[in-house]
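What the sequence shown shows, in our numbering, is residues 3 to 210, in sequence order.
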Amino acid sequence: MSSCVSVHPVNPQWRLLEPVLDVLRAGGLIVFPTDTCYALGCMVGARAAQERLRRIRQLDLQHDLSLLFPGIAQLAEYAKLDDRAFALLRKALPGPYTFILPATKDVPRRLADPKKRSIGVRIPAHPICEMLLAELGEPLMCSTLQLPEADIPLIDPEEICTLLGNQVDKVILAEQGRAQCSTVIDLLQWPPQLLRKGAGDPAALGLE
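Dropping the structure here:
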């Protein structure tokens with residue numbers, strides 16, 4: 003399918019990723035690999051793409067989507083970081099962790115938890131993610147590529163292309179995905195609370 007493109011997972015070819023960036027900037031929806039699972043993603047301002055993402059996943063508006071950033075410095079516009087949280091993020095990221103942080107007042111209400119005013123943030127350690135995020139200069143909104151009624155995320159590139167090639171605008175295929183998602187840590191309180199144990203080792207951050 004023309005929407006599916008195979009990209010080297012370690013040394014991504016720029017000529018293959020450039021059309022993907024064009025799709026994202028035009029408000030499109032893509033599938034891409036991360037350091038954990040494959041994910042569905044779009045730009046923060048792409049409302050129609052976000053609605054398509056939620057339809058594919060069958061997620062209601064109460065289900066939070068994560069924001070992927072190129073680095074900790076870019077988080078400041080979207081999340082509040084005190085010294086303790088900053089030190090923990092520096093220790094863990096980039097890597098397979100999602101952190102729940104207080105949202106800044108500039109974050110649109112539709113992006114943050116309406117009650118807690120919080121957002122989930124990630125900085126994935128994956129060359130394709132790193133290249134996309136560096137070139138975009140802003141975060142990607144994303145969700146794990148796990149279809150309704152499925153017990154685990156989609157991990158096989160050929161199956162992903164077959165099932166999603168006609169539902170999204172571009173599919174980046176690389177290596178076999180991981181069935182284990184990121185470890186989720188709540189930093190809305192201190193000490194931090196482990197919400198979900200995943201690919202990131204919580205013990206490495208002093209959490210059990």
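Backbone N, C-alpha and C define an ideal beta-carbon position, used for all residues, glycine too.
{"Check": "Which residues DSSP lists as bridging M143, in chain order", "Outcome": "C44 and L69"}
{"Check": "Assigned secondary structure, R180 (DSSP; H/G/I helix, E/B strand, else coil)", "Outcome": "coil"}
{"Check": "Between the CA atoms of I130 and V12 - distance to the nearest angstrom", "Outcome": "8 Å"}
{"Check": "Collapsed DSSP secondary structure at Q148 in the structure displayed", "Outcome": "coil"}
{"Check": "Three-state secondary structure assigned by DSSP to M3", "Outcome": "Model confidence at M3 stands at a pLDDT of 47, short of 50, so the residue's coordinates are unreliable and nothing is read from them."}
{"Check": "Buried or exposed (CB count within 10 angstroms, at least 16 for buried), P194", "Outcome": "buried"}
{"Check": "For I121 and I102, the rounded distance between their alpha carbons", "Outcome": "6 Å"}
{"Check": "Whole-angstrom distance between L142 and A28, CA atom to CA atom", "Outcome": "13 Å"}
{"Check": "K93 - DSSP class collapsed to helix/strand/coil", "Outcome": "helix"}
{"Check": "K93 burial status per 10 Å Cβ neighbour count (16 or more: buried)", "Outcome": "exposed"}
{"Check": "For L209, the nearest candidate out of I187, D84 and A201 (CA to CA)", "Outcome": "I187"}
{"Check": "Bridge partner(s) assigned by DSSP for R198", "Outcome": "V186"}
{"Check": "Status (buried if at least 16 other CB within 10 Å, exposed otherwise) for G73", "Outcome": "exposed"}
{"Check": "Top-ranked residue by Cα proximity to I162, from P21, A41, A51 and D24", "Outcome": "A41"}
{"Check": "Stretch pair the stretch 172-188 + the stretch 147-160: three plus CB contacts closer than 8 Å", "Outcome": "yes"}
{"Check": "Limits of the beta strand (DSSP E) - the one that V173 falls within", "Outcome": "K172 to L175"}
{"Check": "Coil, strand or helix - R119 by DSSP", "Outcome": "coil"}
{"Check": "Neighbour-count burial assignment, A81, 16 or more Cβ in a 10 Å radius", "Outcome": "buried"}
{"Check": "Beta carbon of D37 nearer than 7 Å to that of P155", "Outcome": "no"}
{"Check": "Bridge partner(s) assigned by DSSP for Y99", "Outcome": "T185"}
{"Check": "Own chain partners of S8 with C-beta closer than 7 Å, once the 5 adjacent residues on each side are dropped", "Outcome": "L175"}
{"Check": "C-alpha distance - W192 paired with C6, whole-angstrom precision", "Outcome": "43 Å"}
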